[in-house]
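Asks:
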Amino acid sequence: MNLIDPIVQFQAEIQQIRRDIHAHPELCFEEHRTSEVVAQKLEAWGIPIIRGLAGTGIVGVLKNGTSERAIGLRADMDALPMQEINTFAHTSKHDGKMHACGHDGHTAMLLGAAHYLSKYKEFDGTVYLIFQPAEEGGGGARRMIEEGMFEKYPMDAVFGMHNWPGAAVGTFGVTPGPMMASSNEFEVIVRGKGAHAAQPHKGIDPIIVAIQMAQSWQTIVSRNASPLESAVLSVTQIHSGSATNVIPDEATLIGTVRAFSTEMIDLIEKRMRTIAEHTAAAFDAQVDFRFKRNYPPLINHAKETAFAAEVMRSVVGADKVDDQVEPTMGAEDFSFMLQAKPGCYVFLGNGDGGHRDMGHGLGPCNLHNPSYDFNDDLLPIGATYWVRLAEAYLKKST
Numbered sequence: 001m002n003l004i005d006p007i008v009q010f011q012a013e014i015q016q017i018r019r020d021i022h023a024h025p026e027l028c029f030e031e032h033r034t035s036e037v038v039a040q041k042l043e044a045w046g047i048p049i050i051r052g053l054a055g056t057g058i059v060g061v062l063k064n065g066t067s068e069r070a071i072g073l074r075a076d077m078d079a080l081p082m083q084e085i086n087t088f089a090h091t092s093k094h095d096g097k098m099h100a101c102g103h104d105g106h107t108a109m110l111l112g113a114a115h116y117l118s119k120y121k122e123f124d125g126t127v128y129l130i131f132q133p134a135e136e137g138g139g140g141a142r143r144m145i146e147e148g149m150f151e152k153y154p155m156d157a158v159f160g161m162h163n164w165p166g167a168a169v170g171t172f173g174v175t176p177g178p179m180m181a182s183s184n185e186f187e188v189i190v191r192g193k194g195a196h197a198a199q200p201h202k203g204i205d206p207i208i209v210a211i212q213m214a215q216s217w218q219t220i221v222s223r224n225a226s227p228l229e230s231a232v233l234s235v236t237q238i239h240s241g242s243a244t245n246v247i248p249d250e251a252t253l254i255g256t257v258r259a260f261s262t263e264m265i266d267l268i269e270k271r272m273r274t275i276a277e278h279t280a281a282a283f284d285a286q287v288d289f290r291f292k293r294n295y296p297p298l299i300n301h302a303k304e305t306a307f308a309a310e311v312m313r314s315v316v317g318a319d320k321v322d323d324q325v326e327p328t329m330g331a332e333d334f335s336f337m338l339q340a341k342p343g344c345y346v347f348l349g350n351g352d353g354g355h356r357d358m359g360h361g362l363g364p365c366n367l368h369n370p371s372y373d374f375n376d377d378l379l380p381i382g383a384t385y386w387v388r389l390a391e392a393y394l395k396k397s398t
């Protein structure tokens, strides 16, 4: 690997920052301590900062030379509302909150890059260091955009990165086009007519209607969607009833829909609504249909993806870069930034969990698992990638 030596020498300090953030997880839009840690480090390194975007967001501004070109590098900062079961020294100090997705590592890698770029300004233009709050369901990226980030701090392209458990340390994965799915959720309330369970003919059973809906919805993916496109429609909750001898008044279905295109989501939502309304009508029931679109699909831009892949190869070698990585049905709000600006999102291998300190949980080192921990061996790799990406994008004239 072609890692930058000063970054490798700085790894111990960046690791200390990462583990401190891990021990003090904060949920979406509550990242006050984390934001202050980031701000203090950037200011100590002489990097001007902008506070307050999306509440706790921080944007560092590194300028050099005379070029008006600019690049954005983004890291997310928030944790998850879950209980950590690791017991090593840097385990979460806050019950019910955990860095189980590696945002502590994402923040640390960008800080490592910021430290180097502030000392060795081998670029011509502006590097915007975007420390974003509220990726985990809060839509922090969307809020930063709505509050004028790209108008106030114009950049030609924006790039993001996520650690990826299961992929070997020192490997990258990326693909042009759709790489992560859209995230959508639904809640459907079927309103029937309660009755004694021994006299079902005197009521309208909402449970039977709900079951019929759930089964019929599965034909949307198998019969309405193109077999060449991927989509997931999962009913994950059905709530109804309170007694064995009572047919209830209502039944509620809750679940998620994932797909790689807005057109597919349009189709699924339309068909779900039609099936729900007509199924309810067939049983003389009523239905309330709610469909919420959370994050759009994450779609990498071809030019920027090819550019990023070349930078990855220069850092870890061509054999360590999969430029046709399999997309995932997971979702990511960096998709909002890629709707607004050209750019690319990449995966960086986090290994199989063998890196974890003594005292880690017995579960797998997977994202959103209470036994997860970010792999600190990634810190110099990710930071080097950020630096080389910025330097290549803002290459000095010779």
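If you're matching positions, the sequence shown starts at 1 in the UniProt record's numbering and goes up one per residue.
Ideal placement from N, C-alpha and C gives every residue a C-beta, glycine not left out.
In this text the structure is predicted, and so the values were computed from the model without any measurement.
Does the Cβ of alanine 12 have 16 or more other Cβ atoms within 10 Å, making it buried, or fewer, making it exposed?
Replies: That one is exposed.
Asks: On the three-state DSSP scale, how would you describe histidine 90?
Replies: Note: histidine 90 maps to coil in three-state DSSP.
Asks: Less than 8 Å between the C-beta atoms of threonine 126 and valine 59, yes or no?
Replies: No.
Asks: Using CA atoms only, rank isn't needed, just tell me which of Val387, Phe374, Asn64 is closest to cysteine 101.
Replies: Answer by Cα proximity: Phe374.
Asks: Using a threshold of 8 Å, state whether the C-beta atoms of isoleucine 247 and proline 200 are closer than that.
Replies: Yes; because the gap between Cβ atoms is below 8 Å, this pair is in contact.
Asks: Determine the extent of the alpha helix (DSSP H) in which alanine 281 is found, giving its start and end residues.
Replies: 262-282 is the span of the alpha helix (DSSP H), which, as asked, contains alanine 281.
Asks: For threonine 236, which three-state DSSP category applies?
Replies: In the structure shown, threonine 236 sits in a strand (DSSP, three-state: E or B).
Asks: Could you say which of Lys341, Gly351, Glu332 lies nearest to glycine 140 if we only look at CA atoms?
Replies: Nearest C-alpha to glycine 140: Glu332.
Asks: Can you give me the Cβ contacts of alanine 195 inside the same chain, cut-off strictly under 6 Å, excluding the 5 residues immediately before and after it?
Replies: If we look at alanine 195 and ignore the five residues flanking it on each side, its Cβ neighbours are Lys202, Gly203, Ile247.
Asks: Between the stretch 167-179 and the stretch 137-156, can you find at least three pairs of beta-carbon atoms closer than 8 Å?
Replies: No, the stretch 137-156 is not in contact with the stretch 167-179.
Asks: Just to confirm before moving on: does the CB-CB distance between glycine 343 and valine 158 stay below 8 Å?
Replies: In this structure, valine 158 lies closer than 8 Å to glycine 343 by Cβ.
Asks: Among Ala340, Asn369, Ala281, His106, which has the Cα closest to the Cα of glycine 192?
Replies: Nearest of Ala340, Asn369, Ala281, His106 to glycine 192, Cα basis: Ala281.
Asks: Smallest Cα separation from tryptophan 45: which of Met1, Thr56, Ser118?
Replies: The candidate whose alpha carbon is nearest that of tryptophan 45 is Ser118.
Asks: Hey, how far is the Cα of glutamate 136 from the Cα of alanine 198?
Replies: Each residue's alpha carbon lies about 46 Å from the other.
Asks: In the DSSP output, what is alanine 75 paired with across the bridge?
Replies: BP columns for alanine 75 point to Phe131.
Asks: Please report how far the alpha carbon of alanine 340 lies from the alpha carbon of threonine 66, in whole angstroms.
Replies: Approximately 25 Å, taken between the alpha carbons.
Asks: Using 10 angstroms around the beta-carbon of leucine 129, count the other beta-carbons present and answer buried if the total reaches 16, otherwise exposed.
Replies: Classification for leucine 129: buried.
Asks: Hey, which unbroken runs of the beta strand (DSSP E) at 3 residues or more fall wholly within the stretch 6-60?
Replies: Listed in chain order, the complete beta strand (DSSP E) runs (minimum 3 residues) inside the stretch 6-60 are 49-53.
Asks: Relative to the C-alpha of valine 316, which residue among Leu348, Asn294, Asp357 is closest?
Replies: For valine 316, the nearest C-alpha among the options comes from Leu348.
Asks: Could you tell me how far apart the beta carbons of isoleucine 275 and serine 216 are, in whole angstroms, since I believe they sit closer than 8 Å?
Replies: Isoleucine 275 to serine 216, Cβ: 5 Å. Contact.
Asks: Short check: CB of isoleucine 71 to CB of alanine 318, under 8 Å?
Replies: No, they are not a contact pair.
Asks: For lysine 270, which option in Thr252, Phe291, Asn350 has the closest C-alpha, if you only look at C-alpha atoms?
Replies: Checked all of Thr252, Phe291, Asn350; the closest Cα to lysine 270 is Phe291.
Asks: Using a Cβ-Cβ cutoff of less than 6 Å, which residues in the same chain neighbour leucine 3 once the five nearest sequence positions on both sides are dropped?
Replies: These residues qualify, in order along the chain: Pro380, Thr384.
Asks: Are asparagine 300 and methionine 179 touching if we call contact CB-CB under 8 Å?
Replies: Closer than 8 Å, so yes.
Asks: Could you tell me the boundaries of the beta strand (DSSP E) in which methionine 161 lies?
Replies: Its beta strand (DSSP E) spans residues 157-165.
Asks: Put methionine 180 into one of helix, strand or coil per three-state DSSP.
Replies: Residue state, collapsed to three classes: strand.
Asks: Give me the Cα-Cα distance between threonine 107 and aspartate 78, rounded to the nearest whole angstrom.
Replies: Whole-angstrom Cα-Cα distance: 10 Å.
Asks: How many Å lie between methionine 358 and glycine 160 at the Cα?
Replies: Rounded to the nearest angstrom, the two C-alpha atoms are 31 Å apart.
Asks: Apart from the five residues on each side of it in sequence, which residues of its chain come closer than 6 Å, Cβ to Cβ, to glycine 351?
Replies: Only Val169, Asn375 meet the Cβ criterion.
Asks: Nearest to alanine 134 by alpha carbon, out of Pro364, Leu27, Ala89?
Replies: Taking only the C-alpha atoms, the option nearest alanine 134 is Leu27.
Asks: Would you say aspartate 357 touches the ligand SAM, meaning its beta carbon is less than 7 Å from a heavy atom?
Replies: Judged by which ligands are present, the structure shown has none, so any question about the ligand SAM falls away.
Asks: Report the three-state DSSP secondary structure of alanine 318 (helix, strand or coil).
Replies: Three-state result, alanine 318: helix.
Asks: What beta strand (DSSP E) runs, 3 residues minimum, are completely inside the stretch 297-376?
Replies: Fully enclosed beta strand (DSSP E) runs of 3 or longer: 298-300, 343-351.
Asks: Does DSSP put aspartate 104 in a helix, a strand or coil?
Replies: Aspartate 104 falls in the helix class under three-state DSSP.
Asks: In angstroms with no decimal places, state the Cα-to-Cα distance between glutamine 9 and glycine 138.
Replies: In a straight line, the C-alpha of glutamine 9 is about 36 Å away from that of glycine 138.
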